[in-house]
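**Q** Heads up: the sequence lines are chains X and H, in that order. Under the numbering used here, the letters of the first sequence match residues 1 to 310, in that order. Under the numbering used here, the letters of the second sequence match residues 1 to 310, in that order. Don't be surprised by glycine CBs; every beta carbon is placed ideally from N, CA and C.
There are 2 protein chains.
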Amino acid sequence: MAFDRLIDKIAEMQNPTVAGLDPKLDYVPEFIKEECFAKYGKTLEGAAAALFEFNKALIDALYEVVPAIKPQAAYYEMYGWQGVKALADTIAYAKSKGMFVITDGKRNDIGTTMEAYAAAHLGSTTVAGEEVEAFGADALTVNGYLGTDGIKPLVNICKSGDKGIFVLVKTSNPSSGELQDKKLDDGTTVYEQMGKMCEEWGTELEGKYGYSGVGAVVGATYPEQLAEMRAKCPHTFFLVPGYGAQGGGANDVKNAFDENGLGAIINSSRGIMCAWKKQGLTENDFAKAAYNEAVRMRDEIIGCIGKIKK
Amino acid sequence: MAFDRLIDKIAEMQNPTVAGLDPKLDYVPEFIKEECFAKYGKTLEGAAAALFEFNKALIDALYEVVPAIKPQAAYYEMYGWQGVKALADTIAYAKSKGMFVITDGKRNDIGTTMEAYAAAHLGSTTVAGEEVEAFGADALTVNGYLGTDGIKPLVNICKSGDKGIFVLVKTSNPSSGELQDKKLDDGTTVYEQMGKMCEEWGTELEGKYGYSGVGAVVGATYPEQLAEMRAKCPHTFFLVPGYGAQGGGANDVKNAFDENGLGAIINSSRGIMCAWKKQGLTENDFAKAAYNEAVRMRDEIIGCIGKIKK
Chain X
1 MAFDRLIDKI AEMQNPTVAG LDPKLDYVPE FIKEECFAKY GKTLEGAAAA
51 LFEFNKALID ALYEVVPAIK PQAAYYEMYG WQGVKALADT IAYAKSKGMF
101 VITDGKRNDI GTTMEAYAAA HLGSTTVAGE EVEAFGADAL TVNGYLGTDG
151 IKPLVNICKS GDKGIFVLVK TSNPSSGELQ DKKLDDGTTV YEQMGKMCEE
201 WGTELEGKYG YSGVGAVVGA TYPEQLAEMR AKCPHTFFLV PGYGAQGGGA
251 NDVKNAFDEN GLGAIINSSR GIMCAWKKQG LTENDFAKAA YNEAVRMRDE
301 IIGCIGKIKK
Chain H
1 MAFDRLIDKI AEMQNPTVAG LDPKLDYVPE FIKEECFAKY GKTLEGAAAA
51 LFEFNKALID ALYEVVPAIK PQAAYYEMYG WQGVKALADT IAYAKSKGMF
101 VITDGKRNDI GTTMEAYAAA HLGSTTVAGE EVEAFGADAL TVNGYLGTDG
151 IKPLVNICKS GDKGIFVLVK TSNPSSGELQ DKKLDDGTTV YEQMGKMCEE
201 WGTELEGKYG YSGVGAVVGA TYPEQLAEMR AKCPHTFFLV PGYGAQGGGA
251 NDVKNAFDEN GLGAIINSSR GIMCAWKKQG LTENDFAKAA YNEAVRMRDE
301 IIGCIGKIKK
């Protein structure tokens, strides 16, 4: 099961964090942009090349201390198919460095179409009898609003292909409660219902640490709900956004972990990509600053939850 | 407002339908595949070229009788960035023929990231001070599970750029009820709540026919809920999947329309793309068969709802 592989890496590195690669062009240092625009023009192609160069340098700086990256699909799609190529190249590069890759796409659809998304992001596509990987991430974030037949095609690929998914349960944004916190007539909330579905979808995918291949997204900005869901979803591994730029700290995320320090991975995106701004460095030192911030974040979280035991 | 433009086209053509372009390679006739594989190899590039040629022929056959296309992003993503390029090319080609384009991506995320999706699919991206369109559709399907701040960036683009969105309310798949039909403690359902949110999000975007730029996806496979939501969401334009291959007929979809025959557009994907199979034609005649099926579907629906008045 995919999250066994992720948990092994987390324990080995003693670092339960993931670097979010959401590379807006504004975050990319001028010297990279200039080089890429000179080569490919001030075009989507040039912009996409700059994103990939930026990501490569970040991955080079991070792969020995951070177990995983989480590229956010939106920031690549906004640069067209050229940006989507940069996403594919980033995934391949991170995997070549041994990193675990979570594509943050929040994909969702009905059964047959979800099979296409599953093939796109986790599995493979048949072209003239040959199997070809389109994006080939290790895990994908998904939205469960459509129910079981929108999730089943992913569970099948998780089972056969050593992959995982993270279903949105309680998101980190201010208005997440408008629907997710609504009380159902049995007294539970919509996000609880979604958590319950994650536990059910994961039953066939339980791994050696007790966590299944069906994880959940639960935001650091709601620490009480994080504690509640940790207790109610004992087999569900959490991807926790909202640390850093969105306001969550180590004390907010500690509720995501079990007594062994397992059960969750904490994401930081802007905090790592734009770390040079906070460290009094120039943008030329963005990679070094990203490394410093990744180490600081690791130490802060491990300081709070203790040594990770598996 | 974008749906005014769509409604004008629907009334002009007396055809409230949209052709879903979900081109799996299996649906593409052999002669197109052979030509593209010969040119680009049995690769993702060759497959993507075949999808685009298939789509182009379908658009040529349909644009004089069908007002809109709905490409489903998953079927392009499964062919990698090359497939995503075919999506961009398909959108551009359909727009050059005057068609209204709804990208079916069911995108969703928190505020800042949703801005990136909005720029990607409906708006434009800034590259070195220039505005560039990445995909440039007229409308996008989205998932509202994250609440208002996941929708607001789209509403802003709808307002300034004459675009529209369709929010998933009640989807056409068998398990859609697992979450969407759950009763809240005030006696309403989750999908009703989502419909209510669509009405609220649309208040600033009302167009000349009374429909806002925030539409809803409501499946043909649940005709009772379709009637219920038509009554409860009088300003929300519906995109209705589930006609044809999924089992919905003209009688099932008539509930989606108001007394003037406005208020909805009905999608058919496989029914149109694979029409030659049902018409006793060979795959070489796929475009002619698609045209025949589009006309048959139009006549069946208009026969059921009467002349469209605006």
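1) How is the alpha helix (DSSP H) around G111 of chain X delimited, first residue to last?
2) Hey, would you say A2 of chain H sits closer than 8 Å to D149 of chain H, going by beta carbons?
3) I want to verify the contact list: residues of chain H whose CB lies under 7 Å from the CB of L168 of chain X, in sequence order.
4) Helix, strand or coil, according to DSSP, for L140 of chain X in the structure here?
5) Since L51 of chain X and P23 of chain X are thought to touch, with beta carbons under 8 Å apart, how far apart are those beta carbons, to the nearest angstrom?
6) Leaving out the 5 sequence neighbours to the left and right, which residues in its chain are closer than 6 Å to V167 of chain H when beta-carbon positions are compared?
7) Taking only three categories from DSSP, how would you classify S172 of chain X?
8) Could you give the uninterrupted runs of the beta strand (DSSP E) lying entirely in the region 202-259 of chain X, keeping only those of 3 residues or more?
9) Is the region 240-249 of chain X touching the region 201-215 of chain X in the sense that three or more CB pairs, one from each, lie closer than 8 Å?
10) Thinking just about the alpha-carbon of each residue, which of H:F135, H:I91, H:D138 and H:I151 is nearest to the one in M114 of chain H?
11) Quick check on DSSP: helix, strand or coil for P71 of chain H?
12) Please compile the residues from chain X whose C-beta is within a distance smaller than 7 Å of the C-beta of P174 of chain H.
13) Does the beta-carbon of S160 of chain X have 16 or more other beta-carbons within 10 angstroms, so that it is buried, or is it exposed?
14) According to DSSP, is I151 of chain X helix, strand or coil?
15) Quick one: residues in its chain with C-beta nearer than 6 Å to the C-beta of V18 of chain X, no 5 flanking neighbours on either side, listed in chain order?
16) Span of the beta strand (DSSP E) holding F100 of chain X?
17) Please go through the same chain and pick out, in chain order, the residues whose beta-carbon is closer than 8 Å to the beta-carbon of C158 of chain H, but skip the five residues on each side of it.
18) Please report the straight-line C-alpha distance between E259 of chain X and D8 of chain X, rounded to a whole angstrom.
19) Taking the alpha helix (DSSP H) that E133 of chain X belongs to, which residues open and close that run?
20) Answer yes if the region 80-91 of chain H comes into contact with the region 82-99 of chain X, meaning at least three C-beta pairs across the two stretches below 8 Å, and no otherwise.
21) When the distance is taken between beta carbons, is T103 of chain H closer than 8 Å to F135 of chain H?
22) Using the C-alpha atoms, what's the distance from D185 of chain X back to K170 of chain X?
23) Using a Cβ-Cβ cut-off of 6 Å (strictly less than) and excluding sequence neighbours within five positions of Q180 of chain X, which residues of its own chain qualify?
24) Comparing the C-beta of T113 of chain H with each C-beta of chain X, is any distance below 8 Å?
25) DSSP state of V18 of chain H, grouped into three classes?
26) Cβ of L122 of chain X less than 8 Å from any chain H Cβ?
27) Where does A294 of chain X fall in DSSP's three states?
28) Pick helix, strand or coil for R281 of chain H, following the three-state DSSP scheme.
29) Work out the CA separation of S96 of chain X and D89 of chain X for me, nearest whole Å.
30) Counting only beta-carbon separations shorter than 8 Å, does A38 of chain X have a partner in chain H?
31) Is there at least one Cβ from chain H nearer than 8 Å to E130 of chain X's Cβ?
32) Per DSSP, what kind of secondary structure is V190 of chain H in: helix, strand or coil?
33) Please list, in chain order, the residues of the region 62-82 of chain X that have any C-beta partner in chain H closer than 7 Å.
34) Roughly how many angstroms lie between the CA atoms of K309 of chain H and A137 of chain H, to the nearest whole one?
35) Please report whether the beta-carbon of Q193 of chain X lies at a distance below 8 Å from any beta-carbon of chain H.
**A** From the atom records:
1) For the purposes of this step, residue 111 of chain X is identified with residue 111 of the first sequence, where counting begins at 1. Taken as a continuous stretch (DSSP letters only), the alpha helix (DSSP H) holding G111 of chain X covers G111 to H121.
2) Position 2 of the second sequence, counted from the start, is the residue given in the question as residue 2 of chain H. Position 149 of the second sequence, counted from the start, is the residue given in the question as residue 149 of chain H. Their beta carbons are not under 8 Å apart, which means A2 of chain H does not touch D149 of chain H by this criterion.
3) Residue 168 of chain X sits at position 168 when you count from the first residue of the first sequence. What L168 of chain X touches in chain H: Y145.
4) As a position in the first sequence, residue 140 of chain X is number 140, starting the count at 1. DSSP, reduced to helix, strand and coil, places L140 of chain X within a strand of the structure shown.
5) On the first sequence, position 51 is the one that residue 51 of chain X refers to. On the first sequence, position 23 is the one that residue 23 of chain X refers to. Rounded, the Cβ-Cβ distance is 5 Å, consistent with contact.
6) On the second sequence, position 167 is the one that residue 167 of chain H refers to. Cβ neighbours of V167 of chain H beyond the five flanking positions: V142, G144, C198 and A216.
7) Locating residue 172 of chain X in the first sequence gives position 172, counting from the first residue. DSSP places S172 of chain X in coil when its eight states are reduced to three.
8) Runs found: 214-218 and 238-240.
9) Taking a cut-off of 8 Å for Cβ pairs, the region 201-215 of chain X and the region 240-249 of chain X do not touch, as fewer than three such pairs fall below it.
10) Along the second sequence, one-based indexing puts residue 114 of chain H at 114. The candidate whose alpha carbon is nearest that of M114 of chain H is H:I151.
11) On the second sequence, residue 71 of chain H is found 71 positions in, with the first residue counted as 1. Strand, per DSSP.
12) As a position in the second sequence, residue 174 of chain H is number 174, starting the count at 1. Close partners of P174 of chain H in chain X (Cβ separation under 7 Å): D149.
13) Looking up residue 160 of chain X in the first sequence gives position 160. Under this definition S160 of chain X is an exposed residue.
14) Stepping through the first sequence from its first residue, residue 151 of chain X is reached at position 151. Here I151 of chain X carries a coil assignment [DSSP, helix/strand/coil].
15) Start at 1 with the first residue of the first sequence, and residue 18 of chain X comes out as number 18. In the same chain as V18 of chain X, and ignoring 5 residues on each side of it, the C-beta atoms closer than 6 Å to its own belong to A68, K70, I265 and N267, in chain order.
16) As a position in the first sequence, residue 100 of chain X is number 100, starting the count at 1. Looking at the DSSP string, the run of the beta strand (DSSP E) that includes F100 of chain X is F100 to R107.
17) One-based indexing of the second sequence puts residue 158 of chain H at position 158. Correct list, in chain order: M1, A2, L122, G164, I165, L205, G213 and V214.
18) For the purposes of this step, residue 259 of chain X is taken as the residue at position 259 of the first sequence. For the purposes of this step, residue 8 of chain X is taken as the residue at position 8 of the first sequence. About 16 Å.
19) The count along the first sequence starts at 1 and reaches residue 133 of chain X at position 133. Note, E133 of chain X: premise wrong, no alpha helix (DSSP H); not H, not E.
20) Remark: three or more beta-carbon pairs, one from each stretch, lie closer than 8 Å, so the region 82-99 of chain X and the region 80-91 of chain H are flagged as touching.
21) As a working note, residue 135 of chain H is residue 135 in the second sequence. As a working note, residue 103 of chain H is residue 103 in the second sequence. Yes.
22) Here the question's residue 170 of chain X lines up with position 170 in the first sequence. Here the question's residue 185 of chain X lines up with position 185 in the first sequence. Rounded to whole angstroms, the separation of the alpha carbons of D185 of chain X and K170 of chain X is 19 Å.
23) Numbered from its first residue, the first sequence carries residue 180 of chain X at position 180. Excluding residues within five positions, the ones whose Cβ falls inside 6 Å are K170, V190 and Y191.
24) Locating residue 113 of chain H in the second sequence gives position 113, where the first residue counts as 1. Put simply, the CB of T113 of chain H is near chain X, with a gap under 8 Å to one of its CB atoms.
25) Counted from its first residue, the second sequence places residue 18 of chain H at position 18. DSSP, read as helix, strand or coil, puts V18 of chain H in strand.
26) Counting from 1 along the first sequence, the entry for residue 122 of chain X is found at position 122. Interface with chain H (8 Å Cβ-Cβ cutoff): L122 of chain X is excluded.
27) Taking the first residue of the first sequence as position 1, residue 294 of chain X is located at position 294. DSSP places A294 of chain X in helix when its eight states are reduced to three.
28) Counted from its first residue, the second sequence places residue 281 of chain H at position 281. Reading off the sequence shown, one finds Leu at residue 281 of chain H, where the question assumed Arg. The answer is coil: DSSP assigns L281 of chain H none of H, G, I, E or B.
29) Position 89 of the first sequence, counted from the first residue, corresponds to residue 89 of chain X. Position 96 of the first sequence, counted from the first residue, corresponds to residue 96 of chain X. Looking at the two C-alpha atoms, the distance is approximately 11 Å.
30) Residue numbering aside, residue 38 of chain X sits at position 38 when the first sequence is read from its first letter. Put simply, the CB of A38 of chain X is far from chain H, with every gap to its CB atoms at 8 Å or more.
31) Your numbering for residue 130 of chain X matches position 130 in the first sequence. At least one CB of chain H lies nearer than 8 Å to the CB of E130 of chain X.
32) As a working mapping, residue 190 of chain H is identified with position 190 in the second sequence. Helix, per DSSP.
33) Under the 7 Å Cβ criterion, the region 62-82 of chain X contributes Q72, A74, Y75, E77, M78, Y79, G80 and W81.
34) One-based indexing of the second sequence puts residue 309 of chain H at position 309. One-based indexing of the second sequence puts residue 137 of chain H at position 137. Approximately 26 Å between the Cα atoms of the pair.
35) Position 193 of the first sequence, counting from 1, holds the residue named residue 193 of chain X. Yes, its Cβ sits closer than 8 Å to a Cβ of chain H.
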